Each structure stands twice: as C-alpha cells, then as structure tokens.
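Have a look at the structure below, then the notes.
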Amino acid sequence: EYLTQAREVISVRKKAGDCTIVVKDVPGDILVAHNTHNVYSIMMRLFKSTNIEWDEYKDFMHTNTMRFSGRYGAIGSKDDFYVLSNGLIVMETSILNFNSSLYSLIK
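At position 87 of the sequence shown the residue is numbered 87 (the working numbering), and the sequence of numbers has no breaks.
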C-alpha cells in the first residue's frame, strides 16, 4: 500500500532518517551517491578535510585524511558521508520502505 495522503507522508518523514544512499556496481568500479534530507535553511555546508595521526591504530588503519561535508561549527558530519585517503567511502543511511507489499519479498 503506497502512501497517498500528504499527512501520511509527513508523518512517516518525521520518523524517517536524514539521508539516502545509492550503491551501483558497474564494470570495473562501484558508484556511490549520497543525499541528505533536510530543510532549506540548513542547506549551506562546508567540505571539510582533516588529518589525524592514528599512531595506536597504524597497523590496521591505513588512512590519515578524512574528508566530509559538515555544518559550520560542527566537528563531525551529520550527513554521515566520509571519503578516506585510503580510497574507502563510509556512508550510513536509514533503510525505509514506504510500500508495505514489498515486505513479503525480503528473504
């Protein structure tokens, strides 16, 4: 059953997460996209870059630069999207399904 009433969408949106990600496997690569859902008034972001020396973790943490979008005055990224200097991309999202008829397909 799809959400058809605006009030239903607003009600669900209040419970929903703040972002959506897409991961696509293509020949020879993986493409990723990230979208943050929020109000227009906090649209302005900075793209931050930080270098941290992970001395106690250097044997398994092969990165020291982290880049991410963030808000003015915030240390971390509420957007939950990070690009590490070792080539990894770290993303987080809430997984929501607004079509309840699809639940039977989850295995």
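All C-beta atoms, glycine included, are put in the ideal place defined by N, C-alpha and C. Quantities reported herein were computed from a predicted structural model and do not represent experimental measurements.
Next on the checklist: Quick check on this structure: which residue in S100, S77 and Y72 has the alpha carbon closest to the alpha carbon of S161?
Outcome noted: The structure shown has nothing for residue 161, since the chain only spans 1 to 107.
Checklist entry - Are the region 14-33 and the region 90-100 touching, with three or more C-beta to C-beta distances below 8 angstroms? => result yes
Item to check | Rounded separation between K78 and E53 - CA only | outcome: 23 angstroms
Checklist entry - If we count the other Cβ atoms within 10 Å of its Cβ and call it buried at 16 or more, is V83 buried or exposed? => result buried
Next on the checklist: What would DSSP say about S85, mapped onto helix, strand or coil?
Outcome noted: coil
Item to check | Given N35 as reference, the closest of D29, S101 and R45 once Cα atoms are compared | outcome: R45
Next on the checklist: Taking the alpha-carbon of R67 as reference, which of M61, Y57 and T50 has the nearest alpha-carbon?
Outcome noted: T50
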